[in-house]
Structure formats: structure tokens, C-alpha cells
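**Q**
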Amino acid sequence: MVLSVFKSGDELFNQGVDLVKRKEYVKARKNFEKTIEKGGREAALARVYVDLIDACLDNNNPARYSKLAATLASMNDGFVFGLTEIDPVRLALECSLLAERIETARRQVNGPAQIEEKGNKMLDIARKYQSQIGNDTIMISEIVGIQVNTGIKEALYIQAIGYENLASAAVMTDPKRAAELLQNSYACRKQLGEDGQNAMNLIKAYSKSVKCWICGRPATGEGVHFLTIASDISPFMRKSDDDILQSAPADYGSVYMCKPCYSAISKRADDIARAYHERAMQEMRAMEARLQAEIRSMAATIAIRR
Ligand SMILES: [Zn+2]
Numbered sequence: 465m466v467l468s469v470f471k472s473g474d475e476l477f478n479q480g481v482d483l484v485k486r487k488e489y490v491k492a493r494k495n496f497e498k499t500i501e502k503g504g505r506e507a508a509l510a511r512v513y514v515d516l517i518d519a520c521l522d523n524n525n526p527a528r529y530s531k532l533a534a535t536l537a538s539m540n541d542g543f544v545f546g547l548t549e550i551d552p553v554r555l556a557l558e559c560s561l562l563a564e565r566i567e568t569a570r571r572q573v574n575g576p577a578q579i580e581e582k583g584n585k586m587l588d589i590a591r592k593y594q595s596q597i598g599n600d601t602i603m604i605s606e607i608v609g610i611q612v613n614t615g616i617k618e619a620l621y622i623q624a625i626g627y628e629n630l631a632s633a634a635v636m637t638d639p640k641r642a643a644e645l646l647q648n649s650y651a652c653r654k655q656l657g658e659d660g661q662n663a664m665n666l667i668k669a670y671s672k673s674v675k676c677w678i679c680g681r682p683a684t685g686e687g688v689h690f691l692t693i694a695s696d697i698s699p700f701m702r703k704s705d706d707d708i709l710q711s712a713p714a715d716y717g718s719v720y721m722c723k724p725c726y727s728a729i730s731k732r733a734d735d736i737a738r739a740y741h742e743r744a745m746q747e748m749r750a751m752e753a754r755l756q757a758e759i760r761s762m763a764a765t766i767a768i769r770r
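So in the numbering used here, spot 245 of the sequence shown is number 709, and the numbers just go up one at a time.
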């Protein structure tokens, strides 16, 4: 047996290729690195293999896919990785899209303008999957071991999330528009075979219109622009044909309150509760001081008697 230190770059490369077939990626990676060091004939291919292995071993990291896309862009000919035939141009495209998708999904957003931007970016990526990958299966997912979809299916997932982002950006100013955007998300989720229940619940909530029991103003968007508050509409109060009562929940066990009325009442209630709390704490501290003084004087008395 020949010691590995004496192996040529080409031998190391061939051994690496076998290791990849057995999915022994960490060992294979070492071989390819040595191939690059020794400048074997397959050094360029070894570089792609290293980046492919890095993506397999760290398949949640968008930077791995960006790097792989750049390395693949320098390749002219197809090659085999494990048992998979690779078309470098196509795989580079898939890697760029995947990196873009993960980065956008992770984007931290603050406020409706940024959420809207994120939603539009998701729709933009979805369109690329639709037009550039289409009905083909996404190869990179298979290679790195993440969920395998066709371009169309991937596009539907991304579109659903995109519309959900747009809806959450719109709901503060236009709940009806938010409900419309969620209809699109619901349609995508149904096409994916999901029940779409979350989207449907939000559509119902955002398109619901009521009148505030306190001020009588109309409000649309349950949970956002009005809330349901436990109450008791007494039998006497039920005998009325006014439109606020008509709009109230049918079980008479609660009323609708618009957000301004609700927040005014709850803020005032918080202030009152805080004042009570502070007064109670002051009294407790005063009582504690009195007790401490009594303990000290008793201790002094005992000391004198000894
Ligand atoms: Zn109100």
C-alpha cells in the first residue's frame, strides 16, 4: 500500500471522486484540497467539488451557494458529482436563486415599507423560478439534501409567502386590500395541496366590518382595527333595533370595540392600576420600616436586660 503523502494530485482526485460516491464528504474534501495544492490535472474540477461539498455540509448557508455559483460560472463542461450529471450553467442559476431566496426570507424587516419591499422581492424571485426553471426539478436541492421541488412548485411556495408579507404591510392602512392579497396566498397554498387555513382565517378577520359599541364608528379588520371584548349585553339592552346592536356578536357575550376606544380605555386602566400599585408599595415600605424600628427597639431592650 502506498502512503497517501506520496500520492499524486490525480490519484488523490480519483480517490476523492470515489469518496463522494460513498457520501464521505469530509474525507473527500481533504483529497480535493490536496489535489488543488499539488496542482493535478483536475485541480479546477477539484475546486468545484470542494464548493459542492461545502454546500452539502452547510446546506442552510446562502453564502455557500453564492460561492458555488461563482465557481460553476468558470466551468465550461459538464461533469459528474456522485451519481448526478451536472450542467454547470444550470446549477449556477439554481444556486444563485437559492442564495437569493434564503437571504430574502431571512431579511429582518421593520415597519410596513420594509415588509412590502420584502414581499415584492419574494414575488420577484418566484417569477424567476417560474420562468427560468419551470417544470424541471431543482437539482441543487437533491444534491445538498433539502426538499426537492420543481421550479413551478418552488415558485408557488415563495409566492404564498410574498403575498403574506404584502398583506401584513397593507393591513394597518387598508385591511380590505390585505384580505385581497391573502386570497392570492390562499390560492397558492391550495395549489400546493395545503389547506390554507391560516390564510383563510386572516381573510375572514381582515374583511370583517363592525360598528364600535362605544363610539359607533365603523371598523374593518378584526384583531387589528377592532377587538372583541367580553361583556354582557343584558336582555333589556337586546331589545333594540339600533345598528350597533345589530353588528354586535350574536351571543350577547361580548361587544366590538374599535382600536382607538379600546386603547384609550386600556391605557387609562393601566394608569389607574399603576397608581394603586405604587400606593400599595409605598404603604408596604412604610409598614416594613415601622416593623424594623420595633424589632430594633425590642433587641435593644433584650440586650439591656441581659
Ligand atoms: Zn370606538
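Quick reminder that beta carbons are idealized off the backbone N, C-alpha and C, glycines included.
Treat the numbers as computed from the prediction; the structure is a model and nothing was measured.
1) Restricting to runs no shorter than 4 residues, where is the alpha helix (DSSP H) found entirely within the segment 679-711?
2) Taking the alpha helix (DSSP H) that Thr-535 belongs to, which residues open and close that run?
3) Short check: CB of Asn-593 to CB of Ile-622, under 8 angstroms?
4) Should Met-721 be counted as a contact of ligand 1 given a C-beta to heavy atom distance under 7 angstroms?
5) If you draw a straight line from the C-alpha of Leu-755 to the C-alpha of Ala-763, how long is it?
6) State the start and end residues of the unbroken beta strand (DSSP E) segment that holds Cys-722.
7) Name the residue from Ile-602, Leu-521, Glu-580 and Ala-634 whose alpha carbon lies nearest to the alpha carbon of Ser-560.
8) Do Ile-610 and ligand 1 come close, with the Cβ less than 7 angstroms from some heavy atom?
9) Pair every Cβ in the segment 640-655 with every Cβ in the segment 663-675, then say whether three or more of these pairs are closer than 8 angstroms.
10) Excluding the 5 residues preceding and the 5 following Gly-480 in the sequence, name in chain order all residues of the same chain whose CB lies nearer than 6 angstroms to its CB.
11) Around the Cβ of Thr-568, are there at least 16 other Cβ atoms within 10 angstroms (buried) or fewer (exposed)?
12) Just mark Val-674 as buried or exposed, buried being the case when its beta carbon has 16 or more other beta carbons within 10 Å.
13) Just the Cα atoms here: how many angstroms apart are Arg-760 and Met-745?
14) Is Leu-467 buried or exposed, if buried means 16 or more other CB atoms sit within 10 Å of its CB?
15) Could you tell me if Met-465 is buried or exposed, where buried requires 16 or more neighbouring beta carbons within 10 angstroms of its beta carbon?
16) Shortest alpha-carbon distance to Lys-672 belongs to which of Ser-711, Gly-609, Leu-536 and Leu-656?
17) Heavy atom of ligand 1 less than 7 angstroms from the Cβ of Cys-676, yes or no?
18) Out of Met-636, Arg-732 and Ala-714, which has the shortest C-alpha to C-alpha gap to Gly-685?
19) With hydrogens ignored, establish whether the beta-carbon of Pro-724 is closer than 7 angstroms to any heavy atom of ligand 1.
20) Roughly how many angstroms lie between the CA atoms of Arg-511 and Thr-535, to the nearest whole one?
21) Considering Ser-673, what are the terminal residues of the beta strand (DSSP E) in which it resides?
22) On the criterion of 16 or more Cβ atoms from any shown chain inside 10 Å, does Ile-766 qualify as buried, or is it exposed?
23) Identify whether Thr-765 lies in helix, strand or coil by the three-state DSSP scheme.
24) Check Thr-637 in the structure and name its three-state DSSP category.
**A** Here's the rundown:
1) Qualifying alpha helix (DSSP H) stretches, in chain order: 699-702 and 707-711.
2) Secondary structure note for Thr-535: its alpha helix (DSSP H) is the uninterrupted segment 526-537.
3) Reading off the sequence shown, one finds Tyr at residue 593, where the question assumed Asn. At a Cβ-Cβ threshold of 8 angstroms, Tyr-593 and Ile-622 count as neighbours.
4) Yes, ligand 1 has a heavy atom inside 7 angstroms of this Cβ.
5) Going by C-alpha positions, Leu-755 is about 12 angstroms away from Ala-763.
6) Note, Cys-722: beta strand (DSSP E), 718-722.
7) When each option's Cα is compared against that of Ser-560, the closest is Ile-602.
8) No, since every heavy atom of ligand 1 falls outside the 7 angstroms radius drawn around the Cβ of Ile-610.
9) As far as the Cβ criterion goes, the segment 640-655 touches the segment 663-675, which means the pair count is three or higher.
10) Only Ala-492, Asn-495 and Phe-496 meet the Cβ criterion.
11) Thr-568 comes out buried.
12) Buried.
13) So the two alpha carbons sit approximately 22 angstroms from each other.
14) Because the pLDDT of Leu-467 is 49, which lies under 50, any placement of that residue in the model is unreliable, and the number read from its coordinates should be weighed accordingly. By the neighbour-count rule (16 or more Cβ atoms within 10 Å), Leu-467 is not buried but exposed.
15) In this prediction, Met-465 scores a pLDDT of 46, lower than 50, which makes its location untrustworthy; the coordinate-derived value is nonetheless stated afterwards. Counting C-beta atoms within 10 angstroms of its own C-beta, Met-465 has fewer than 16 neighbours from the protein chains shown and is therefore classed as exposed.
16) Comparing Cα-Cα distances from Lys-672 to each of Ser-711, Gly-609, Leu-536 and Leu-656, the minimum goes to Ser-711.
17) Yes, since a heavy atom of ligand 1 falls inside the 7 angstroms radius drawn around the Cβ of Cys-676.
18) Measuring from the Cα of Gly-685, the nearest candidate turns out to be Met-636.
19) True, at least one ligand heavy atom lies under 7 angstroms from that Cβ.
20) Near 8 angstroms, if we compare the C-alpha coordinates of Thr-535 and Arg-511.
21) Counted as a single uninterrupted DSSP element, the beta strand (DSSP E) harbouring Ser-673 occupies residues 673-675.
22) The residue in question, Ile-766, is exposed, as its Cβ has fewer than 16 Cβ neighbours within 10 Å.
23) The answer is helix: DSSP assigns Thr-765 an H, G or I state.
24) Collapsing the DSSP output to three states places Thr-637 in coil.
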